[in-house]
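In the numbering used here, the protein residues as written are 2 to 224.
Glycine is no exception: its CB is placed at the ideal position from the N, C-alpha and C atoms.
Reviewing the structure listed below.
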Amino acid sequence: MGFVREFRWLTANAIPLHLDLRDCGWTLLDRAHDADDCMGVAHVRGMTPRLWLAFLERHGRLARRLMLLVGIDDAVDRARMLRLGFGEVTGEDIALPELDARARRLSALEDTLPRYRRIGRLNLDLLAREAYVDERPLGLHPREFGLLWRLADTPGRPVSKESLVRDVWRMGFVPETNSLAVHVSRLRGKLNTAGLEGLVETAPSGGYCLRPGDALLQTAASL
C-alpha cells in the first residue's frame with residue numbers, strides 16, 4: 002500500500018469536483034488542522050481584494066511554500082503570487098491528473114526541509130516543536146519555539162518585529178499588546194536557565210537576532 006498523502010482545503014467554498022484530490026487517493030484533513038508542514042490547496046477564483054488581504058495575513062510566507070493556488074488565469078498575476086512565496090499557482094481549467102501531479106511535487110518539499118537545527122549546545126526539533134540543551138527539553142511554548150526557529154533562519158542578522166508577527170503569529174500587523182515582548186522574555190528566561198544567556202539579542206532597530214559567534218550556529222542535516 003502506498004504512502005497516504007494529506008492536504009488541507011484552505012478556502013471556505015466546497016471543493017469542486019475537478020479539484021477534489023480525494024479522488025486521487027489523498028486524505029482531506031479537518032479544517033481545525035493548522036500546520037505549516039502539510040500541503041494546502043486554495044481555490045481563489047473571484048476572491049475580493051479584502052478577502053485576499055485576509056488570506057495573505059492569515060498565511061505567512063513560511064506556510065505559503067506548501068500551498069497550491071488554483072483559479073488565477075492571468076500569467077502576470079500567477080508570477081506575482083509566486084513572488085509572494087506560494088509553492089504552485091495554476092489557472093482555473095487545470096485537470097485533476099495535473100493537479101495531483103503538482104500537489105505531489107509540492108508535498109514532496111516537506112521531506113526536503115531540515116527537521117533539526119543546532120545552535121551550539123541547543124538542538125531544535127521542528128517535528129516535536131521543542132528545543133533541547135544537552136538532550137534536556139526546555140519545555141517551549143509553540144510560539145516560543147516558532148520565534149527561535151524563525152530567528153535561526155538568519156543567524157546574526159536582525160529580524161523585524163513585523164516579520165516575526167507575520168511569520169510566527171500569522172498576522173499582517175504588529176498588535177498593540179506586548180505579546181511578542183512577553184514571549185521573547187519567556188524564551189530568554191528558559192535559555193538563561195539552561196545556561197545559554199544572551200543567545201537572543203535585541204537589535205538596535207527594535208527587532209531580535211540570534212547572537213553570532215564562533216561556529217555558534219549551524220543547520221543540521223535532515224534525518
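Check: Between the beta-carbon of residue 152 and the beta-carbon of residue 117, is there less than 8 Å?
Finding: no
Spatial distance of residue 21 from residue 53 (CA atoms): 22 Å
For residue 84, count neighbouring Cβ atoms within 10 angstroms of its own Cβ and tell me buried if that reaches 16, exposed if not.
-> exposed
With a threshold of 8 Å on Cβ separation, who are the neighbours of residue 184 within its own chain once the five nearest residues in sequence on each side are excluded?
142, 144, 145, 148
Per-residue burial, residue 200 [other beta carbons within 10 Å of its own, 16 or more giving buried]: buried
#### Entry: Cβ-based neighbour list, residue 203, same chain, cut-off 7 Å, excluding 5 preceding and 5 following
209
### Query
Roughly how many angstroms lie between the CA atoms of residue 40 and residue 66, to the nearest whole one?
9 Å
Supposed contact pair residue 123 and residue 134 - C-beta distance, whole angstroms, cut 8 Å: 6 Å
Within the region 114 to 176, note down every full beta strand (DSSP E) run reaching 3 residues or more, in order along the chain. 117 to 120, 123 to 126, 131 to 134
Between which two residues does the beta strand (DSSP E) harbouring residue 201 extend? 201 to 203
inquiry  = Can you look up residue 184 in the DSSP assignment and give me helix, strand or coil?
reply    = helix
Cβ-Cβ separation, residue 107 to residue 227 (assumed contact under 8 Å), whole Å: With the chain running from 2 to 224 in the structure shown, residue 227 is simply not present.
inquiry  = Here's the rule I'm using: 16 or more other beta-carbon atoms within 10 Å means buried, otherwise exposed. How should residue 137 be labelled?
reply    = exposed
Report task. With DSSP collapsed to three states, give me the class of residue 25. Result -> helix
With burial defined as no fewer than 16 other Cβ atoms inside 10 Å of the residue's Cβ, what is the status of residue 13: buried or exposed?
exposed
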